[in-house]
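Colleague: In mature numbering (1 follows the signal peptide of the UniProt record, and there is no 0), the protein residues as written are -23 to -1, 1 to 784. First, the structure itself, so that you have it in front of you.
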């Protein structure tokens, strides 16, 4: 056998040389996966100066000191670092404006052909034996070693095929009775799934019944909230079957109008599933690794066995979820809920959460004990405890307890004083501002979209037109920036720490060649003013005159003034509940109106969408068809409406939505006076579907069920629930229509209620609140498994615009 391995070695070298030559004849970066903001500290390493990232890739491909698996490139510094490591072998750290490029071949955990090019990290044989390290001599003295086969990548104890064995990758074993054995590694062409297919990345695009899958980026014929750009960690590519929401197996929406969605028939892989470290006495994060024996819910109910269908029928069985530890009746979390749970033996209570202790005595990320947010941060933001969860470029933050898509060490257990709740922006490590890991696999982290308190805009200045969505770039005349300042041409020439900028044409004190007046003639690099020639998401920057600091950012205020969806008083964005009581900041939701009887009694809410138009629910107008029966009150915080900012208007016209819908327009008898306490919310794009799990907010003066705070405007934040999930038997059982949407916490405790009807459901994106829903109906208030239902405004944009124009 081992003589045979030596004979085939020549063939391996020829094949490797062919692959290398072929790779260099194509785009050099095609062989790499890029992750922005990622850095690896590893020895050995080689460091070079490289003018372009392509030059750095060539350095990696030609590295002779070690096997180069990845390289780091810092464009502003023109710094190139080649490494023998990658994200599968070493801890990834954060570094601003740097990028990690990993060779795809070293990330692949499947084999092509007989696997001579396999460079993955599997280290067990077909019979489950652990591999011996290739440089080891016990229990077996090998004749194939890293020294005898330097190009075969025989490092650690990973399975390899250095000799072209027809059985595929193999290794020497740690069993004295078994010298060597082949490894069981999936074929790259094999279409199979591990566990329930949460990480399936294959290309099957037909359902079990033969329906063709609809593209994920399409809304026809099925409208849905699984938006690829909003859920980059779910790999919703083309029309391939995927499992973004904890189903038993991958599925897709179909192109048939008669079948909304269906599971795909994908076999399970024969290779071993990913291993987890069982948590036996407590649960980290959402508790997906909990394998303890607690079998009682929070209210003391005994758990139903997972293998039983009595008293509750369900699909959460060990056959459907083989990797989730669904043993006996123990509390588990097979579907990414906020904590372990179980079906109960009480026929009246389908399921409940369990009281599983949290490891390290840290609060669970979803527990509704989150402090009131701040609208800015002091100093470096280490003390920031607000509720922002969006980065400067609009990316959604990854949960601190999650290791997907980015593995990291910034957990609540490691940083117990940093308040690492949910996916809220924080600064646990003393960086210059609050930040977070992102849900985009290609961008490891970014700073958050939060202002410093000493850089807050002067809200006493006269407001600009509130309905203006995109400001004119006046940065040439005034020292402010629009967006990330890519078009900034202002006079600032000092960094955020006050250091004078180096001229872009100068090479003293810092040498650079990437950004000069010659390389970027249209970027305004004629002097030493702050600019953004590389479209940096964090804003304008410059090389500095400080020899110890090559470059730094500049602090330049935004040009934005007041506009629709951007209140002058930033909301708390409270994660409490309206029913439980979270009083809003006064005038932080300036589009909220009170719909009243002629005797000025509040009974419904509504949303100002134009100086003379309010959007509300049609069912709020059932008491009378006459406009004279109603009054609109704007600019108030208390239900008593005693504020000097109050504006009252009569209703001159009522326009109800299409038959069977719960939406209506009210025309005011005269336009409202728009100011920082009365301004409209923004309308959504036509037919836009809010992505699943988007955090949205409801406001109102509605029923609080005796929990206090009556008479003040209240708010609550909760996630959107995709209609596919909301219409399941466990929740609203098919009651939600296509022109409606669901939002709420599955466990209850957060909801709108009577008196909130007709009010706004606004969702935050790109520094703007957009009106996505009109509070419509629900089964009770804040009941478990009964989320609120809202009229989906995006389905009525054409009707709204036409009605306003014609009336």
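Even for Gly, the Cβ is constructed at its ideal location relative to N, Cα and C. These numbers come from a predicted model, not from an experiment.
Just the C-alpha distance for residue 745 and residue 768, rounded to the nearest angstrom, thanks.
Modeller: Roughly 20 Å between the two C-alpha positions.
Colleague: Just how far apart, CA to CA, sit residue 783 and residue 632?
Modeller: So the alpha carbons of these two residues sit roughly 11 Å apart.
Colleague: Confirm, please, whether the CB-CB distance from residue 60 to residue 22 is below 8 Å.
Modeller: Yes; because the gap between Cβ atoms is below 8 Å, this pair is in contact.
Colleague: Would you check if the distance between the CB atom of residue 748 and the CB atom of residue 586 is smaller than 8 Å?
Modeller: In contact: residue 748 and residue 586 (Cβ atoms closer than 8 Å).
Colleague: As a quick exercise: from 96, 210, 495 and 326, pick the residue whose alpha carbon is nearest that of residue 707.
Modeller: When only C-alpha atoms are compared, the closest one is 326.
Colleague: Tell me the rounded alpha-carbon separation between residue 609 and residue 333.
Modeller: Taking the straight line from one Cα to the other gives about 49 Å.
Colleague: CB-CB under 6 Å to residue -13, same chain, minus the five flanking residues each way: which ones, in chain order?
Modeller: For residue -13, the predicted structure reports a pLDDT of 41, less than 50, and the residue's modelled location is therefore unreliable. The matter cannot be settled from this model.
Colleague: Just verifying my parser: in three-state terms, what is the DSSP assignment at residue 229?
Modeller: Residue state, collapsed to three classes: strand.
Colleague: Report the partner residues of residue 750 according to the DSSP bridge assignment.
Modeller: Its beta-bridge partners are 738 and 769.
Colleague: Using 8 Å as the Cβ pair cut-off and three pairs as the minimum, do the segment 578 to 596 and the segment 648 to 666 touch?
Modeller: A contact exists between the segment 578 to 596 and the segment 648 to 666.
Colleague: Going by beta-carbon coordinates alone, are residue 134 and residue 145 separated by less than 8 Å?
Modeller: No, they are not a contact pair.
Colleague: Let me know the secondary structure DSSP gives residue 193 once reduced to three states.
Modeller: Reduced to three states, the DSSP call for residue 193 is coil.
Colleague: Determine the DSSP secondary structure at residue 238, reduced to helix, strand or coil.
Modeller: Strand, per DSSP.
Colleague: Taking the alpha helix (DSSP H) that residue 776 belongs to, which residues open and close that run?
Modeller: Looking at the DSSP string, the run of the alpha helix (DSSP H) that includes residue 776 is 774 to 783.
Colleague: Compute the distance between the beta-carbons of residue 428 and residue 370, then report whether it is under 8 Å.
Modeller: Not in contact: residue 428 and residue 370 (Cβ atoms no closer than 8 Å).
Colleague: Relative to the C-alpha of residue 735, which residue among 306, 675 and 136 is closest?
Modeller: Nearest of 306, 675 and 136 to residue 735, Cα basis: 675.
Colleague: Considering only DSSP beta bridges, list what residue 696 is partnered with.
Modeller: Bridge partners of residue 696: 672.
Colleague: Whole beta strand (DSSP E) runs in the segment 87 to 171 with 3 or more residues, listed along the chain?
Modeller: Qualifying beta strand (DSSP E) stretches, in chain order: 147 to 149 and 157 to 159.
Colleague: Along the beta strand (DSSP E) that carries residue 463, what are the first and last residues, could you check?
Modeller: Element bounds for residue 463: n/a, residue is neither H nor E.
Colleague: Residue 367: which of 414, 394 and 396 sits nearest, CA to CA?
Modeller: Closest by alpha carbon: 414.
Colleague: Suppose you measure from the CA of residue 402 to the CA of residue 426; what does that come to, to the nearest Å?
Modeller: So the alpha carbons of these two residues sit roughly 9 Å apart.
Colleague: Beta-carbon separation of residue 184 and residue 224 under 8 Å?
Modeller: Not in contact: residue 184 and residue 224 (Cβ atoms no closer than 8 Å).
Colleague: Rounded to whole angstroms, what is the Cα-Cα separation between residue 837 and residue 494?
Modeller: Because the chain in this structure spans residues -23 to 784, residue 837 falls outside the shown range and cannot be described.
Colleague: Leaving aside the five residues before and after residue 358 along the sequence, list all residues of the same chain whose C-beta is less than 6 Å from its C-beta, in chain order.
Modeller: 404, 410 and 411, listed in sequence order.
Colleague: Residues bridged to residue 293 by DSSP?
Modeller: Residue 293 is not bridged to any residue.
Colleague: From residue 468 to residue 511, what does the alpha carbon distance come to, in whole angstroms?
Modeller: Their backbone Cα atoms lie some 19 Å apart in a straight line.
Colleague: Between residue 279 and residue 307, is the Cβ-Cβ spacing less than 8 Å?
Modeller: No, these two residues do not count as a Cβ contact at 8 Å.
Colleague: Nearest to residue 484 by alpha carbon, out of 463, 519 and 456?
Modeller: Comparing Cα positions, the closest option is 519.
Colleague: Using the three-state DSSP reduction, which class does residue 32 fall into: helix, strand or coil?
Modeller: Residue state, collapsed to three classes: helix.
Colleague: Which partner residues of residue 70 appear in the DSSP bridge assignment?
Modeller: Residue 70 pairs with 16.
Colleague: Measure the C-alpha to C-alpha separation of residue 193 and residue 232 and round it to an integer number of angstroms.
Modeller: One C-alpha to the other measures close to 11 Å.
Colleague: Examine the ligand HEM and report whether any of its heavy atoms sits within less than 7 Å of the Cβ of residue 114.
Modeller: This structure simply doesn't include the ligand HEM, nor any ligand for that matter.
Colleague: Where are the beta strand (DSSP E) runs, 3 residues long or more, that stay fully inside the segment 357 to 411, in chain order?
Modeller: Counting whole runs of 3 or more residues, the segment 357 to 411 contains no beta strand (DSSP E) stretch at all.
Colleague: Tell me the rounded alpha-carbon separation between residue 196 and residue 209.
Modeller: Their Cα atoms are separated by approximately 17 Å.
Colleague: Could you have a look at residue 645 and say whether DSSP puts it in helix, strand or coil?
Modeller: Residue state, collapsed to three classes: strand.
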